[in-house]
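Listed in order, the protein sequences are those of chains A and B.
For the first sequence, position 116 matches number 738 in our numbering, and the numbering has no gaps at all.
For the second sequence, position 89 matches number 103 in our numbering, and the numbering has no gaps at all.
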Amino acid sequence: MYNGGKIIIGVIIFVGLVTFPFLYSGGKTTAKPDPKVDTPEILKLAENERKCVEPKAYMKGEHMKMLNEWRDWVVRDGNTIYTATNGKQYTMSLQNTCMKCHSNKKKFCDECHNYTAVKPYCWDCHIEPKEKES
Amino acid sequence: MSMNRREFLKIAGISTILGLGGVSAVHGLRNRVEASQISPAPKALKAKRWAMVVDMSKFKKEEDYQRCIDACHQVHNVPNITDNPKHEIKWLWKETYEHAFPGTEDEYLSEEIKHLPFLVLCNHCDNPSCVRVCPTKATFKRKSDGIVMMDMHRCIGCRFCMAACPYGARSFNYKDPIPFINEAKKNLEFPTRTKGVVEKCTLCYERLATGLQPACVEASKGALIFGDIEDPNSGVRKVLGARYSFRRRPELGTRPSVYYII
Ligand code: SF4
Ligand code: SF4
């Protein structure tokens, strides 16, 4: 084998680099995100009223696309009212509709966004709700 | 991976140059969120084209101007940056006659007019030069009511619009504006802006959508008249039909929607 030594050293370094992140984290897994929906604003609602604009599974997967659409409809077309699939009407506003119920940005938004390592820039401009430290 | 808006724009820009800029993966969603489910608020104020008349005869004291300016800047979280005039953010402000109406100042113009500050804002031009130059359509003229709007999410801060606007109606956020907003007076129902975007008066589109008049009009005690210029019975049309009015730099062909009477 030509340059056998060098290749073996190379392979060892490569394996070391690839496995480093796993070894470094000690095989620990990050705790699964557990977004909370128990804000005072939500608890104030009657039990059967505690529903988001669309079903939970849909919101989980598609809320970012929905917010994009909401923005275009409000800013570009001047339409501000969203009629949900269940017939209820909402004003399309992240700051004034979503966050009025989900007043716990840290436990609701950040929990999953941190876990999946996404940092949306909503909060560069939109004012986050004042959170009561618990 | 932590990324703020500016970093995102930088990377998006570089990858476009490198030919990596992909087609947006976000198509529709309209299968669920159908366009038919969207409607304007029932109590929203509507017009074919909004216009404003500034009645200068009603601006007598410093306070008359300030009341309007403060109302606007407060509801829209406009930062108060005073250390560098270039960094100043203005939606509604005072301008001298010679700056507001260049080319019309006459040697023998009455002293009163010469020194009268005029209240100026974005003219929401019918033929806006700012809109023609914006490469991202971040600024656009709304089809429904003629408001020249800003979509801050799309502004890349190239400032073409500032160069194109002949009225200096636009301000650029050279620095993070948030520390310059009075925390106690912040309007928690309206967003702020971020470093690197252009901003200007949006004719209170968010108030019109809830049935309210623009904030400055409300605070002006009748000195600002607001209405639909295409409706012959509107307040603005009545004033314009009865009194001599003029606009800023009409020779440029932008067709401003803000009129002045003295
Ligand atoms: S005043 Fe300037 S910013 Fe406003 S619409 Fe006209 S050209 Fe555009
Ligand atoms: S600064 Fe923003 S709004 Fe102005 S032209 Fe550039 S992208 Fe458009």
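Cβ coordinates follow ideal geometry from the N, Cα and C atoms, glycine included.
These numbers were taken from a predicted model, which means no experiment stands behind them.
Exposure label - residue i; buried when at least 16 CB within 10 Å
i: PHE260(B); result: exposed
i: VAL272(B); result: buried
i: HIS129(B); result: exposed
i: SER71(B); result: exposed
i: GLU197(B); result: exposed
i: GLU112(B); result: exposed
i: PHE207(B); result: Strictly speaking, residue 207(B) in this sequence is Arg, with Phe absent from that position. When all chains shown are included, ARG207(B) counts as buried.
i: SER756(A); result: Its pLDDT being 49, under 50, SER756(A) is placed unreliably by the model, and the measurement read from it follows with that caveat. Its Cβ having fewer than 16 others within 10 Å, SER756(A) is exposed.
i: SER715(A); result: buried
i: LEU645(A); result: exposed
i: ILE629(A); result: exposed
i: TYR122(B); result: exposed
i: ASN625(A); result: exposed
i: ARG672(A); result: exposed
i: GLU126(B); result: exposed
i: TYR258(B); result: exposed
i: PHE186(B); result: buried
i: THR707(A); result: exposed
i: ALA229(B); result: buried
i: TRP105(B); result: buried
i: LYS24(B); result: exposed
i: ASP159(B); result: buried
i: ALA668(A); result: exposed
i: GLY627(A); result: exposed
Cross-chain neighbours of residue i in chain A, by beta carbon under 9 Å
i: GLN80(B); result: Chain A residues near GLN80(B): none, gap ~25 Å exceeds 9 Å.
i: ILE170(B); result: What ILE170(B) touches in chain A: nothing, since even the nearest Cβ is about 13 Å away.
i: SER53(B); result: ASN701, THR702, ILE703, TYR704, THR705 and GLN711
i: GLU197(B); result: Ordered by position in chain A, no residue passes the 9 Å Cβ test against GLU197(B), which lies about 11 Å from the chain.
i: TYR188(B); result: By Cβ distance, chain A contributes nothing, its closest Cβ being about 16 Å from TYR188(B), past 9 Å.
i: THR208(B); result: TYR743, ASP746 and CYS747
Any non-hydrogen atom of ligand 2 closer than 7 Å to residue i Cβ
i: VAL283(B); result: Shown here, chain B extends from 15 to 276; a query on residue 283(B) therefore has no answer.
i: ILE103(B); result: no
i: ARG173(B); result: yes
i: PRO149(B); result: yes
i: THR641(A); result: no
i: ALA152(B); result: yes
i: ILE170(B); result: yes
Residue from the options with nearest C-alpha to residue i
i: GLN227(B); options: GLU109(B), VAL89(B) and ARG251(B); result: VAL89(B)
i: THR719(A); options: ALA739(A), VAL740(A), LYS729(A) and HIS748(A); result: HIS748(A)
i: THR150(B); options: PRO142(B), VAL134(B) and HIS167(B); result: HIS167(B)
i: PRO56(B); options: LYS654(A), TYR712(A) and ASN670(A); result: TYR712(A)
i: GLU77(B); options: TYR181(B), ASP97(B), TRP107(B) and TRP64(B); result: TRP107(B)
i: ASN94(B); options: ILE192(B), ASN247(B) and GLU220(B); result: ILE192(B)
i: VAL696(A); options: GLU220(B), LEU266(B) and GLY182(B); result: GLU220(B)
i: THR118(B); options: THR153(B), ARG262(B) and LYS214(B); result: ARG262(B)
i: CYS179(B); options: ASN187(B), CYS172(B), ARG81(B) and CYS136(B); result: CYS136(B)
i: VAL67(B); options: THR153(B), HIS138(B) and ILE25(B); result: HIS138(B)
i: ARG184(B); options: GLY267(B), ASP140(B), ALA233(B) and VAL134(B); result: VAL134(B)
i: PRO662(A); options: MET721(A), THR705(A), LEU639(A) and THR641(A); result: MET721(A)
i: GLU733(A); options: VAL633(A), LYS654(A) and ILE635(A); result: LYS654(A)
i: PRO270(B); options: THR96(B), ARG63(B), LYS199(B) and ASP120(B); result: ARG63(B)
i: ALA85(B); options: LEU217(B), PRO246(B), GLU232(B) and ILE275(B); result: GLU232(B)
i: PRO677(A); options: PHE636(A), VAL740(A) and GLY709(A); result: GLY709(A)
i: LEU266(B); options: ASN141(B), HIS101(B), ILE83(B) and LYS60(B); result: ASN141(B)
i: GLN717(A); options: ARG693(A), THR705(A), PHE642(A) and ASN701(A); result: ARG693(A)
i: HIS685(A); options: PRO742(A), GLY627(A) and PRO751(A); result: PRO742(A)
i: GLN51(B); options: LYS666(A), GLU691(A), ILE635(A) and PHE636(A); result: GLU691(A)
i: LYS666(A); options: CYS731(A), CYS723(A) and THR738(A); result: CYS723(A)
i: LEU254(B); options: ILE276(B), VAL92(B), THR268(B) and ALA152(B); result: ILE276(B)
i: THR702(A); options: ASN98(B), ALA223(B), LYS74(B) and TYR181(B); result: ALA223(B)
Check: residue i C-beta below 7 Å from any heavy atom of ligand 1
i: PRO142(B); result: yes
i: VAL697(A); result: no
i: ASN137(B); result: yes
i: ALA114(B); result: no
i: VAL162(B); result: yes
i: TYR181(B); result: yes
i: THR268(B); result: yes
i: ARG263(B); result: no
Per-residue contacts from residue i into chain A (C-beta, under 7 Å)
i: ARG173(B); result: Correct list: empty, because the minimum Cβ distance to chain A is about 18 Å.
i: LEU202(B); result: ILE749
i: PRO205(B); result: GLN717, CYS747, HIS748 and ILE749
i: TYR111(B); result: The premise fails here: TYR111(B) is roughly 35 Å from chain A at the closest Cβ pair, so nothing lies under 7 Å.
Beta-carbon neighbours of residue i, restricted to chain B and to distances below 7 Å
i: TYR743(A); result: ASN18, ARG19 and PHE22
Under 9 Å by beta carbon: chain B residues contacting residue i
i: ARG693(A); result: ASP165 and HIS167
Partner residues on chain A for residue i, Cβ-Cβ distance less than 8 Å
i: TYR273(B); result: Chain A residues near TYR273(B): none, gap ~23 Å exceeds 8 Å.
According to a CB-to-CB cut-off of less than 9 Å, which residues of the stretch 222–255 of chain B neighbour chain A? LEU222, ALA223 and THR224
Residues of the stretch 152–166 of chain B with a CB closer than 9 Å to any CB of chain A: list them in chain order, please. PHE154, ARG156, LYS157, SER158, ASP159, ILE161, MET163, MET164, ASP165 and MET166
Between the stretch 697–722 of chain A and chain B, which residues of the former have CB atoms less than 9 Å from a CB of the latter, in chain order? VAL697, ARG698, ASP699, GLY700, ASN701, THR702, ILE703, TYR704, THR705, ALA706, THR707, GLN711, THR713, MET714, SER715, LEU716, GLN717 and ASN718
Below 7 Å between beta carbons is the criterion; list the residues of the stretch 87–103 of chain B that meet it against any residue of chain A, in chain order. none
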